[in-house]
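Notes for the one structure printed next.
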Amino acid sequence: MEVEILEEKNKIDEFVKAQDTKSGSFLQSHEWGEFQKHYGYKIWHLGIFDQEKLKAVALMIKYPLPLGKSYLYCPKGPVIEAGSRKRETKGEILKSLFEQVKEIAKKEKVIFFKFEPPVSEKEFNDIKIDLKLKAAKSIQPENNWLLELRGTEEEILARMKQKTRYNIRLAQKKGVKIEINNSPENINQFFTLVQGTAQRNKIRAHPKKYYYQVIESLAQFQMVKLYQAKYDHKIIAVNLILSFGDTATYLHGGSSQEYRNVMAPYLLHWQAISDAKKEGKRYYDFGGVAPENALNHKWAGISRFKRSFGGYQLESAGAFDLVFNLGWYSVYQIAKMIKRGR
């Protein structure tokens, strides 16, 4: 098999969209690579070919580490052609990819390569054993909550929990209005609400620059919508929705504590779901959720909220690290443990 650098947007995106990964496929798109590049990171789109036929793609991003070191990251990838997912074929594809990655690693002072195959643990288990891969900590969520947009809007509503339907209608009755506004002036308000929600839930928000760059980079491809819920002339909740292929994905969001009783987040998601349905999308991806019955997980509350809309949990194989410099990798792991212990 041959590995080549891919530069043609349509070739990358058409291949990724054709594979039924359901969740996270935008992370392997040409556009996501452009966003990462504009944010300051070096990227490579690799294509793995068998007799000139494209069999897999992998977007790799170079992230810096202290002391001049770095690692390569392939989010929710590589994406392998559905017809090439037999054990032997997958093994050959990954071996070819790893050889190319090793060459890049030598030039770029890379100490390891982290990748997150967008398949189930069961589907990847054989190949993990064959290639002696070691499981590692994921960057992307391992469990996503997916809503299938089949049937009419009334049928989608009927599959939700009764309390969720009630809260959607309550927000409508209270006069909550939903708008879409991607203008840069709204980033400050968006960031304030996202940051406040992150602090309440004890999770980490990105810097303001990150959200600004996501919207600026992807709006030119008509891939993002910034939804706002307004009440009493104030923006009280926000959601950033990304559209790619047959899926609309909830990327980031936040809400104010001041008007909790008007249930704006429920209506905000329902509007995005309704819009995705009208645009012909097959799935609405709520993003990461805690494992089922993990009541003490930091995502437990937000996971209950997401699950209340109906749908199902999509599990992935997790992440794997291909290590090129064991000494520096050990230093990296120790540094992470110390940081977590603070």
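The sequence shown lines up with residues -9 to 332 when you count with this note's numbering.
Don't be surprised by glycine CBs; every beta carbon is placed ideally from N, CA and C.
>> Just to confirm before moving on: does the CB-CB distance between I70 and I83 stay below 7 Å?
In response: Translated into positions along the sequence shown, residue 70 becomes position 80. Translated into positions along the sequence shown, residue 83 becomes position 93. Cβ distance < 7 Å, so I70 and I83 count as in contact.
>> Contact between the region 271 to 282 and the region 312 to 320 is defined here as three or more beta-carbon pairs at a separation below 8 Å; is this criterion met?
In response: The region 312 to 320 and the region 271 to 282 do not touch, with fewer than three beta-carbon pairs separated by less than 8 Å.
> Helix, strand or coil for K163 per DSSP?
Replying inline: Taking the sequence shown and counting its residues from 1, the one referred to as residue 163 is at position 173. The answer is helix: DSSP assigns K163 an H, G or I state.
>> Ignoring anything shorter than 3 residues, give me the beta strand (DSSP E) runs that lie fully in the region 108 to 164, in order along the chain.
In response: Counting whole runs of 3 or more residues, the region 108 to 164 contains the beta strand (DSSP E) stretches 124 to 126 and 133 to 138.
>> Measuring alpha carbon to alpha carbon, tell me which residue in F25, S60 and S15 is nearest P68.
In response: In the sequence shown, counting from the first residue as 1, residue 68 sits at position 78. With respect to the C-alpha of P68, the residue from F25, S60 and S15 having the closest C-alpha is S15.
> Since L49 contacts I(-5) with CB under 8 Å, what's their CB separation in whole angstroms?
Replying inline: Translated into positions along the sequence shown, residue 49 becomes position 59. Translated into positions along the sequence shown, residue -5 becomes position 5. Contact check for L49 and I(-5): beta-carbon distance about 11 Å, past the 8 Å limit, so the pair fails to qualify.
>> Runs of 4 residues minimum, wholly inside the region 27 to 97: which ones carry the alpha helix (DSSP H) assignment?
In response: The qualifying runs do not exist here; there are none.
> Exposed or buried, G235, counting other C-beta atoms within 10 Å across all chains shown (16 or more means buried)?
Replying inline: Numbered from 1 along the sequence shown, position 245 holds the residue referred to as residue 235. That one is buried.
>> Given this structure, state the Cα-to-Cα distance separating S233 from F88, to the nearest angstrom.
In response: Counting from one through the sequence shown, the residue named residue 233 turns up at place 243. Counting from one through the sequence shown, the residue named residue 88 turns up at place 98. Computed Cα separation, rounded: 30 Å.
> Whole beta strand (DSSP E) runs in the region 204 to 235 with 3 or more residues, listed along the chain?
Replying inline: Within the region 204 to 235, the complete beta strand (DSSP E) segments at least 3 residues long are 214 to 221 and 224 to 234, listed from N- to C-terminus.
> Assuming V184 contacts V228 under a Cβ cut-off of 8 Å, what Cβ separation, rounded to an integer in Å, is found between them?
Replying inline: Here residue 184 refers to the residue found at position 194 of the sequence shown. Here residue 228 refers to the residue found at position 238 of the sequence shown. For a cut-off of 8 Å, the C-beta gap from V184 to V228 is around 7 Å, short enough to register as a contact.
> Where does the unbroken alpha helix (DSSP H) through G186 begin, and where does it stop?
Replying inline: Residue numbering aside, residue 186 sits at position 196 when the sequence shown is read from its first letter. It spans I177 to R190 - the alpha helix (DSSP H) in which G186 sits, taken as one unbroken run.
> What is the rounded straight-line gap between the Cα of V204 and the Cα of I231?
Replying inline: Stepping through the sequence shown from its first residue, residue 204 is reached at position 214. Stepping through the sequence shown from its first residue, residue 231 is reached at position 241. The straight-line gap from Cα to Cα measures roughly 11 Å.
>> Could you check whether I158 and L57 sit closer than 7 Å to each other, using their CB atoms as the reference points?
In response: Sequence index remark: in the sequence shown, residue 57 carries index 67 (1-based). Sequence index remark: in the sequence shown, residue 158 carries index 168 (1-based). No, the Cβ-Cβ distance between L57 and I158 is not below 7 Å.
> Nearest to I168 by CA position, among T237, E(-3), D222 and A8, is which residue?
Replying inline: Your numbering for residue 168 matches position 178 in the sequence shown. The shortest Cα separation from I168 among T237, E(-3), D222 and A8 belongs to D222.
>> Quick check on the DSSP output: the alpha helix (DSSP H) that includes S245 runs from which residue to which?
In response: If you number the sequence shown from 1, residue 245 lands on position 255. Not the alpha helix (DSSP H): S245 falls in the beta strand (DSSP E), residues T237 to S245.
> Got a sec? Which residues, its chain only, sit under 6 Å from W289 by beta carbon, not counting five neighbours each side?
Replying inline: What you label residue 289 is simply residue 299 of the sequence shown in a count that begins at 1. A280, listed in sequence order.
> How far does the beta strand (DSSP E) with V313 in it reach, from first residue to last?
Replying inline: Taking the sequence shown and counting its residues from 1, the one referred to as residue 313 is at position 323. From DSSP, the beta strand (DSSP E) with V313 extends over A309 to V313.
> According to DSSP, is G301 helix, strand or coil?
Replying inline: Counting from 1 along the sequence shown, the entry for residue 301 is found at position 311. DSSP places G301 outside both helix and strand once states are collapsed to three, so it counts as coil.
>> I'd like to know if H28 contacts chain C, where contact means its C-beta is closer than 7 Å to some C-beta of that chain.
In response: Annotation note: the requested chain C is absent from the structure, which comprises a single protein chain.
> Would the region 74 to 82 and the region 117 to 124 be scored as touching if the rule is three or more Cβ pairs under 8 Å?
Replying inline: With the cut-off at 8 Å, the region 74 to 82 and the region 117 to 124 touch.
> What residue does the beta strand (DSSP E) around F16 start on, and which one ends it?
Replying inline: The residue labelled residue 16 in the question sits at position 26 within the sequence shown. That residue, F16, is in no beta strand (DSSP E); it is neither H nor E in DSSP.
>> Just to confirm my understanding: we take F211, look at its own chain, exclude 5 residues before and 5 after, and list those with CB closer than 6 Å. What are they?
In response: Within the sequence shown, residue 211 is the residue found at index 221, counting from 1. So the qualifying residues of the chain are E21.
>> Can you tell me whether V100 is helix, strand or coil according to DSSP?
In response: Along the sequence shown, read from residue 1 onward, the residue named residue 100 stands at position 110. Secondary structure of V100 (DSSP, three-state): strand.
>> Closer than 8 Å is the cut-off here; do at least three beta carbon pairs connect the region 248 to 268 with the region 145 to 164?
In response: The region 248 to 268 is in contact with the region 145 to 164.
> What residue from D10, F5, E111 and Y61 has the CA that sits closest to W318's CA?
Replying inline: The residue labelled residue 318 in the question sits at position 328 within the sequence shown. Here the closest residue by C-alpha is Y61.
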